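K.L.:
For reference, each letter of the sequence shown is one residue, going 867 to 1023 in the numbering used here.
The beta carbon of each residue, even a glycine, is placed where N, CA and C say it ideally should be.
Treat the numbers as computed from the prediction; the structure is a model and nothing was measured.
Here it is, the structure in full.
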Amino acid sequence: MNFHDLKFKTPQGKEIKMSEYQGKAILIVNTATQCGLAPQFDGLEKLHQNYKDKGLVVLGFPCDQFAGQEPETNDTVEQTCKINFGVTFQLSEKIDVNGANTHPLFVYLKQNLKGIFGSKIKWNFTKFLITPEGRPFKRYAPTVKPEKIEKDIQKLL
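See the structure below:
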């Protein structure tokens, strides 16, 4: 499977194809508004603002599989992220990143970029950087702050 063949839905149910982002570096993050790592939203938004005009796309994928830390619904998640964290980058509908109902995008990412626990996602705010050509470039642990990814983003742009 090719990365650009994958797709996801916005919280409103609009389908977005990854092919729309061809030629752009993409940072994909599973997010949760009630996670102790939620302050990383600020760093992700800063990356979005600093590099969106240079070819970076930041995509957040809300997930409630870790200690119930994403209580928001598809109807409320964007507003909550905007009000509480200033998020303006694209969010998806709520998804699963592990288990039988893993979103196809995360199946692909986990197969191509393994982490400490193999392919399993350890926690919220696991990050994946994709090259402008659609190649999985690097996986980052949940505790890696967005600013620590900036040098890799600059390399890809």
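Tell me which residue opens and which closes the beta strand (DSSP E) that Asn896 is part of.
P.N.:
891-897
K.L.:
Looking at Glu881: is its Cβ nearer than 8 Å to the Cβ of Lys875?
P.N.:
yes
K.L.:
Let me check understanding here. Comparing Cα to Cα, which of Gln977, Phe955, Phe951 lies closest to Val963?
P.N.:
Gln977
K.L.:
For Asp871, which three-state DSSP category applies?
P.N.:
helix
K.L.:
When the Cβ atoms of the stretch 909-928 are set against those of the stretch 947-964, are three or more pairs found closer than 8 Å?
P.N.:
Output reads yes: the stretch 947-964 touches the stretch 909-928.
K.L.:
Which two residues bound the contiguous alpha helix (DSSP H) that contains Val973?
P.N.:
970-978
K.L.:
So what's Val923 in DSSP terms, helix, strand or just coil?
P.N.:
Note: Val923 maps to strand in three-state DSSP.
K.L.:
Since Lys993 sits in a beta bridge, which residues does DSSP pair it with?
P.N.:
Val895, Tyr1006
K.L.:
Of all the options Phe932, Gln935, Gln956, which has the alpha carbon lying nearest to the alpha carbon of Lys883?
P.N.:
Measuring from the Cα of Lys883, the nearest candidate turns out to be Gln956.
K.L.:
May I have the straight-line CA-CA distance separating Thr1009 from Pro937, to the nearest angstrom?
P.N.:
If I take the Cα positions, the gap works out to 21 Å.
K.L.:
Roughly how many angstroms separate the alpha carbons of Ala966 and Asn990, rounded to a whole number?
P.N.:
18 Å
K.L.:
Considering only C-alpha positions, which residue in the set Ile987, Leu979, Gln915 is nearest to Thr968?
P.N.:
Ile987
K.L.:
Can you tell me whether DSSP reads Gln888 as helix, strand or coil?
P.N.:
coil
K.L.:
Using only the alpha-carbon positions, how far apart do Ala898 and Lys980 sit?
P.N.:
21 Å
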